[in-house]
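Peer 1:
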Amino acid sequence: MKLLEGRIAIVTGAASARGLGKATAQLFAEHGARVAILDLDGAAAAVAAADLGTGHIGLACDVTDRAACDGALQSVQDDLGPVDILVNNAGITQPLKIMDIAPENYEAVLDVNLRGTLYMSQAVIPQMRARGRGSIVNISSVSAQRGGGIFGGPHYSAAKAGILGLTKAMARELAPAGVRCNAVCPGFIATDITAGKLTEEMKAAILDGIPMGRAGEASDVAGCCLFLASDLSAYVTGSEVDVNGGSLIH
Ligand code: NAP
0 MKLLEGRIAI VTGAASARGL GKATAQLFAE HGARVAILDL DGAAAAVAAA DLGTGHIGLA
60 CDVTDRAACD GALQSVQDDL GPVDILVNNA GITQPLKIMD IAPENYEAVL DVNLRGTLYM
120 SQAVIPQMRA RGRGSIVNIS SVSAQRGGGI FGGPHYSAAK AGILGLTKAM ARELAPAGVR
180 CNAVCPGFIA TDITAGKLTE EMKAAILDGI PMGRAGEASD VAGCCLFLAS DLSAYVTGSE
240 VDVNGGSLIH
């Protein structure tokens with residue numbers, strides 16, 4: 000059964016070949032959605048969109064730039080039609096200790112993760128509201144819930160915890176308009192976000208803390224995003240869904 004037939008979806012930060020956004024875009028496309036991949040590098044976004052098959056688009060968009068988010072939304076509407084689904088996936092992380100966080104580290108990590116989630120949501124909300132439907136999925140992290148301890152520093156935990164608060168407040172405000180908003184909290188997933196800075200020792204220590212005994216796959220997160228984007232989750236809003244192999248059991 001195709002769960003997103005006829006739907007239009009935006010996935011931010013989805014040009015990264017092994018990333019969560021690309022896997023999510025791929026699964027959405029397999030389920031009948033037409034997908035717009037937004038990323039910093041427009042050419043890479045276009046290549047990623049072509050990988051999904053025909054009828055998808057890739058656009059340059061820095062999610063920390065409100066005008067760029069509005070411009071990208073306009074292009075998606077013009078090319079594909081009104082947007083039903085937004086996955087706020089773009090994110091960066093840095094493995095810093097509390098006293099090593101410089102202003103530029105704070106700004107970079109808070110801006111892409113939290114400001115970007117706000118700005119891209121603000122871009123799509125008016126037309127979702129006008130149509131009385133929509134699903135927004137925000138990618139947070141287990142680091143928000145357990146105070147890091149995986150790779151990202153305290154500023155990353157704070158940004159991802161901010162996303163949880165934003166998600167719940169948006170869910171409350173947008174529910175009467177028929178727009179749902181949920182967060183996904185991935186645990187340790189093997190992607191390129193750690194940019195070669197994850198040592199074998201760090202990896203072994205992380206795996207030790209995962210009851211399922213393995214790192215997550217990007218497809219594990221994509222499946223959860225599909226559930227939240229589709230009508231299977233029609234009565235789910237304001238939730239945070241864990242995809243962490245048991246590494247945090249509440
Ligand atoms: P990834 O492979 O590094 O992909 C992230 C993508 O976001 C990259 O293509 C990156 O582009 C793009 N990006 C960075 N800044 C951007 C901006 N300002 N505007 C638009 N796009 C931007 O990372 P990932 O592991 O798939 O992570 C995806 C999301 O999951 C992130 O929000 C991350 O925090 C979250 N997450 C990941 C894990 C994990 O274990 N992997 C766990 C929990 C949560 P560049 O490559 O050009 O910078």
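Residues 0 to 249 in numbering that gives the first Met the number 0 are what the sequence shown lists, from first letter to last.
Ideal Cβ positions, reconstructed from N, Cα and C, are used throughout, including at glycine.
Bear in mind the structure is a predicted one, so any value in this text is a computation, not a measurement.
1. How many Å lie between T236 and P125 at the Cα?
2. Can you find a heavy atom of the ligand NAP that lies under 7 Å from the Cβ of R17?
3. What would DSSP say about C60, mapped onto helix, strand or coil?
4. Using a threshold of 7 Å, is the CB atom of F27 nearer than that to any non-hydrogen atom of the ligand NAP?
5. Just to confirm, are I162 and L85 a CB contact at a threshold of 8 Å?
6. Measuring only the C-alpha atoms, how far is I36 from S139?
7. Between which residues of its own chain and M169 is the CB-CB distance below 6 Å, once the five residues before and five after are set aside?
8. Can you give me the start and stop residues for the alpha helix (DSSP H) that E200 sits inside?
9. Which partner residues does V136 have in the DSSP bridge list?
10. E319 by DSSP, collapsed to three states: which one?
11. If you measure from the CB of N104, is any heavy atom of the ligand NAP nearer than 7 Å?
12. Taking the alpha-carbon of S156 as reference, which of G186, K167 and A176 has the nearest alpha-carbon?
13. In chain order, what residues of the same chain have a beta carbon less than 6 Å from the beta carbon of A174, not counting five sequence neighbours either side?
14. Near T116, what residues of its chain come up, given a Cβ to Cβ distance below 7 Å and the 5 sequence neighbours on each side ignored?
15. So, with DSSP's three-state summary, where would you put A14?
16. May I ask whether a heavy atom of the ligand NAP can be found less than 7 Å away from the beta carbon of P185?
17. How many angstroms separate the CA atom of A194 from the CA atom of M201?
18. Please state the DSSP three-state secondary structure of A8.
19. Is V111 a contact residue of the ligand NAP, with contact defined as CB to any heavy atom under 7 Å?
20. Report yes if the C-beta distance between L225 and L79 is below 8 Å; otherwise report no.
21. Cβ of T92 versus every heavy atom of the ligand NAP: is any distance shorter than 7 Å?
22. Say yes only if the C-beta of S218 is nearer than 7 Å to one or more non-hydrogen atoms of the ligand NAP, and no if none qualify.
23. Is the closest heavy atom of the ligand NAP to the C-beta of L37 under 7 Å?
24. Three-state secondary structure (DSSP) at A250?
Peer 2: A quick look at the data gives this:
1. Position 237 of the sequence shown, counted from the start, is the residue given in the question as residue 236. Position 126 of the sequence shown, counted from the start, is the residue given in the question as residue 125. The straight-line gap from Cα to Cα measures roughly 18 Å.
2. As a working mapping, residue 17 is identified with position 18 in the sequence shown. Checking every heavy atom of the ligand NAP against the Cβ of R17, one is found closer than 7 Å.
3. As a first step, residue 60 must be located in the sequence shown, where it is residue number 61. The DSSP-derived three-state label of C60 is coil.
4. Taking the first residue of the sequence shown as 1, we reach residue 27 at position 28. F27 Cβ: outside cutoff for every heavy atom of the ligand NAP.
5. Your numbering for residue 162 matches position 163 in the sequence shown. Your numbering for residue 85 matches position 86 in the sequence shown. Cβ atoms of I162 and L85: not closer than 8 Å.
6. Working through the sequence shown from its first residue, we reach residue 36 at position 37. Working through the sequence shown from its first residue, we reach residue 139 at position 140. Straight-line Cα distance between these residues: approximately 19 Å.
7. Locating residue 169 in the sequence shown gives position 170, where the first residue counts as 1. Shown here for M169: same chain residues with a beta carbon closer than 6 Å to its own, the five before and five after excluded, namely C180 in chain order.
8. As a position in the sequence shown, residue 200 is number 201, starting the count at 1. Its alpha helix (DSSP H) spans residues E199 to D207.
9. Here residue 136 refers to the residue found at position 137 when the sequence shown is read from its first residue. Answer by DSSP bridge pairing, in chain order: V86 and N181.
10. Lying before the first or after the last residue shown, residue 319 is absent from the chain, which here runs from 0 to 249.
11. In the sequence shown, the residue the question calls residue 104 occupies position 105. Answer for N104: no, Cβ out of range of the ligand NAP.
12. Indexing the sequence shown from 1 puts residue 156 at position 157. Checking every option, the nearest Cα to that of S156 belongs to G186.
13. Translated into positions along the sequence shown, residue 174 becomes position 175. Apart from sequence neighbours up to five positions away, the residues of its chain that approach A174 with a beta-carbon distance below 6 Å are T236, ordered along the chain.
14. Locating residue 116 in the sequence shown gives position 117, counting from the first residue. Taking T116 as the centre and dropping the five residues before and after it, the same chain places the C-beta of N87, N137, I162 and L165 closer than 7 Å to its C-beta, in chain order.
15. Locating residue 14 in the sequence shown gives position 15, counting from the first residue. In the structure shown, A14 sits in coil (DSSP, three-state: anything other than H, G, I, E or B).
16. By 1-based counting over the sequence shown, the position of residue 185 is 186. At least one heavy atom of the ligand NAP lies closer than 7 Å to the C-beta of P185.
17. Reading the sequence shown from its first residue, position 195 is the one you call residue 194. Reading the sequence shown from its first residue, position 202 is the one you call residue 201. Rounded to the nearest angstrom, the two C-alpha atoms are 14 Å apart.
18. By 1-based counting over the sequence shown, the position of residue 8 is 9. In the structure shown, A8 sits in a strand (DSSP, three-state: E or B).
19. The sequence position of residue 111 within the sequence shown is 112, counting from 1. Relative to the non-hydrogen atoms of the ligand NAP, the Cβ of V111 comes within a distance shorter than 7 Å of at least one.
20. If you number the sequence shown from 1, residue 225 lands on position 226. If you number the sequence shown from 1, residue 79 lands on position 80. No.
21. Stepping through the sequence shown from its first residue, residue 92 is reached at position 93. Result yes, Cβ under 7 Å from the ligand NAP.
22. Reading the sequence shown from its first residue, position 219 is the one you call residue 218. No, since every heavy atom of the ligand NAP falls outside the 7 Å radius drawn around the Cβ of S218.
23. For this step, residue 37 is matched to residue 38 along the sequence shown. Yes - the ligand NAP has a heavy atom lying nearer than 7 Å to the Cβ of L37.
24. One cannot answer for residue 250 here, as it falls past the ends of the chain, which runs 0 to 249.
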